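5 is the number of the first residue of the sequence shown in my numbering; add one for each residue after it. Beta carbons are placed, not taken as given, at the ideal position from N, Cα and C, and that holds for glycine. None of these values were measured; they are calculated from a predicted model.
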Amino acid sequence: MRFAPPIVAQTNAARVWGARVRPLAVGLVPWNERAERTTVVVKATYDVGDGLTLSEQQRPFGRGEASTRRGALSMELACPDDLVLGKLGADVLLTGSAYADRALPLLDAAVRIPGKLELAFAVVGPSATECMPLAGEYLRAADGVSPMPPVGAVRARPVYAESADAELDDLSPQERQAVLDEVIARCKALAPPRVERVPVRVAEPLVLDQRAWGDLLSQFGEGAYDSWSDLARTAPQLDEGVQYAAAHLVTAFLECGDVLETHNLRPGGGSRSFALPEHVPLVVAEGRHGRFNVEMMCDTLVLDCDAATLTLTWRGQVPEDLFASPISSLIVTFAERGRAPELETIYGELSRAHYARAEVPDSAAVPRVAGRDVALDLARAKNFHRTPLPVLEQRVAERLRADLAERPPERAELLAAHGMDEDEWGLEVRAWDAVIERAGAGAHRTVRNA
5 MRFAPPIVAQ TNAARVWGAR VRPLAVGLVP WNERAERTTV VVKATYDVGD GLTLSEQQRP
65 FGRGEASTRR GALSMELACP DDLVLGKLGA DVLLTGSAYA DRALPLLDAA VRIPGKLELA
125 FAVVGPSATE CMPLAGEYLR AADGVSPMPP VGAVRARPVY AESADAELDD LSPQERQAVL
185 DEVIARCKAL APPRVERVPV RVAEPLVLDQ RAWGDLLSQF GEGAYDSWSD LARTAPQLDE
245 GVQYAAAHLV TAFLECGDVL ETHNLRPGGG SRSFALPEHV PLVVAEGRHG RFNVEMMCDT
305 LVLDCDAATL TLTWRGQVPE DLFASPISSL IVTFAERGRA PELETIYGEL SRAHYARAEV
365 PDSAAVPRVA GRDVALDLAR AKNFHRTPLP VLEQRVAERL RADLAERPPE RAELLAAHGM
425 DEDEWGLEVR AWDAVIERAG AGAHRTVRNA
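What follows is the structure in structure tokens.
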């Protein structure tokens, strides 16, 4: 039996970027029920300027819709399907147009990630122009003549991990026997003790009324650990997957600091380069069998040359069917690589977290919540007592307190200007009171309720 998608508590990314942004897209992909495994997907959209800044408007998950753009081939998609079980490498995808500083009949373009990927190509239009769509009909190899596969998303292509059989074929008979002996020894060491089988009565399906549902949700967020080392760390199972990029744009998994170099892929043409952000999603999964620190790997990059945005998608796996229990949940936060906040800090942020159900594939055989989702209100209420860290600088918080006292009729507008409502402001006051109390109230001014 499977339940509705688990609740996701997503902490406020404003602490990382200094400005409020929409919550990132977070999804779960169920494996078959016997696999006891769930894929976690997190997607973030960045504005491309002098650097990369997390966009205020985050893009939703792509569902693999066919491209309707002029010049698109039948295999091309408007976007990849983000909610898939796994990938064995990273898809680097280009969408939008190629650009030049003047009208030309052929535009040369290129994308490169040093040490991982390099592709030079050309875009040819029916007439000279400064902007040509990156659609399959207009793409050519670097020679400007030979056809080439698309540079954007294409229909899903199944991929499989290389088998070890090929390596065994190169071994001598003595080496093969040594490998076989080692495998047998390990199997014996891991073999469970022999137990006598006893009949097991299958219980009736669990049916929850609203009160029982609330009692189960009361466990959400309880029992924070002292450190990340107390969580079971999960690694992905990479036996098979799908890729949405043509083979020439599939590379090793992307990492923070990887440099993306482009040529003639921005208005006005020219070359530019920028490093991928030094921030990564941190995911804590809570299920029937414990809590997991989910290892997330960046396996999709989409550069939209027209909108000047870049999206990154991370994927990880939990060795448990999170849809098999009504109390499964996810906690998602964004942090600088190598500088993960203490778990106590992350759990403190749950009072101002964004609560939503994890998104799932359209084809997922799991029930959906109809009508108002009371469980979301219960989850937030359960964690509202926690004291978060402040979001505003102290001088800004004090100025806002003064403005609220001086201009009561404008209270809602003043709070909205700082991305807050009454609940958020109450949490901010509580946060600053806690900080000042720890630092010594006599040496600092305190922010009090207006």
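Residue i - containing beta strand (DSSP E), residue span
i           : result
residue 407 : Unbroken run through residue 407 is the alpha helix (DSSP H), 398 to 410; no beta strand (DSSP E).
residue 429 : Run containing residue 429: none in the beta strand (DSSP E); it sits in the alpha helix (DSSP H), 426 to 443.
residue 360 : 358 to 361
residue 164 : 161 to 164
residue 128 : 121 to 137
residue 302 : 301 to 308
residue 283 : 283 to 291
residue 108 : 101 to 117
residue 275 : 275 to 279
residue 74  : First-last for residue 74: undefined, no H or E at that position.
residue 241 : From DSSP, residue 241 is part of no beta strand (DSSP E); its letter is neither H nor E.
residue 32  : 29 to 34
residue 296 : 294 to 298
residue 50  : 42 to 52
residue 318 : 313 to 322
residue 143 : 143 to 145
residue 14  : 11 to 14
residue 267 : 263 to 267
Supposed close pair residue i, residue j - CB separation, criterion 8 Å
i           : j           : result
residue 128 : residue 245 : So it is not a contact: roughly 33 Å between Cβ atoms.
residue 376 : residue 283 : With 8 Å as the limit, residue 376 and residue 283 do not qualify as a contact, their Cβ atoms being about 34 Å apart.
residue 255 : residue 120 : 4 Å
residue 387 : residue 354 : 4 Å
residue 250 : residue 153 : 4 Å
Top-ranked residue by Cα proximity to residue i, from the options
i           : options            : result
residue 131 : 154, 112, 80, 107  : 107
residue 42  : 285, 254, 362      : 362
residue 101 : 136, 311, 249      : 136
residue 59  : 319, 312, 423      : 312
residue 52  : 5, 279, 74         : 279
residue 306 : 411, 331, 253      : 253
residue 84  : 144, 126, 161      : 161
residue 332 : 240, 310, 302, 380 : 380
residue 302 : 309, 401, 316, 423 : 316
residue 142 : 166, 425, 75       : 75
residue 123 : 165, 62, 411, 144  : 144
residue 233 : 420, 346, 265, 57  : 346
residue 350 : 231, 57, 73, 63    : 231
residue 25  : 9, 57, 5           : 57
residue 271 : 416, 435, 310, 72  : 310
residue 240 : 318, 304, 281      : 318
residue 438 : 415, 425, 413, 389 : 389
residue 16  : 257, 359, 411, 237 : 359
Short Cβ contact (7 Å threshold) for residue i with residue j
i           : j           : result
residue 86  : residue 66  : yes
residue 77  : residue 140 : yes
residue 11  : residue 383 : yes
residue 103 : residue 314 : no
residue 14  : residue 357 : yes
residue 28  : residue 364 : no
residue 320 : residue 348 : no
residue 125 : residue 330 : no
residue 391 : residue 423 : no
residue 419 : residue 429 : yes
residue 427 : residue 99  : no
residue 267 : residue 277 : no
residue 243 : residue 165 : yes
residue 401 : residue 436 : yes
Delimiting residues of the alpha helix (DSSP H) encompassing residue i
i           : result
residue 384 : 378 to 387
residue 340 : Residue 340 -> not in any alpha helix (DSSP H); beta strand (DSSP E) instead, spanning 333 to 340.
residue 417 : 415 to 421
residue 352 : 347 to 352
Cutoff 7 Å: residue i Cβ touching any chain C Cβ
i           : result
residue 254 : Protein chains in the displayed structure number just one, and chain C is not present.
Inset, instruction - Please confirm if the region 138 to 156 is in contact with the region 281 to 295, defined as three or more CB-CB distances below 8 Å between the two stretches. - result: Three or more Cβ pairs closer than 8 Å define a contact, and the region 138 to 156 falls short of that threshold against the region 281 to 295.
Legend entry - the region 318 to 328 contacting the region 393 to 413, beta-carbon criterion three pairs below 8 Å: Three or more beta-carbon pairs separated by less than 8 Å are not found between the region 318 to 328 and the region 393 to 413, which leaves the two stretches without contact.
Legend entry - Three or more C-beta pairs below 8 Å linking the region 153 to 161 and the region 93 to 111: At 8 Å Cβ cutoff, the stretches touch.
Inset, instruction - Please confirm if the region 27 to 46 is in contact with the region 258 to 268, defined as three or more CB-CB distances below 8 Å between the two stretches. - result: Counting Cβ pairs under 8 Å, fewer than three are found: no touch.
Legend entry - Sufficient close CB pairs (3 or more, under 8 Å) joining the region 368 to 375 to the region 397 to 411: Flag = no, the region 368 to 375 and the region 397 to 411 do not touch.
Inset, instruction - Tell me, please, whether the region 77 to 91 touches the region 108 to 125 by the rule of three or more beta-carbon pairs shorter than 8 Å. - result: Contact between the region 77 to 91 and the region 108 to 125 is absent, because fewer than three Cβ pairs lie under 8 Å.
Legend entry - Given 8 Å, three or more beta-carbon pairs between the region 272 to 287 and the region 336 to 344: The answer is yes - the region 336 to 344 touches the region 272 to 287, with three or more Cβ pairs under 8 Å.
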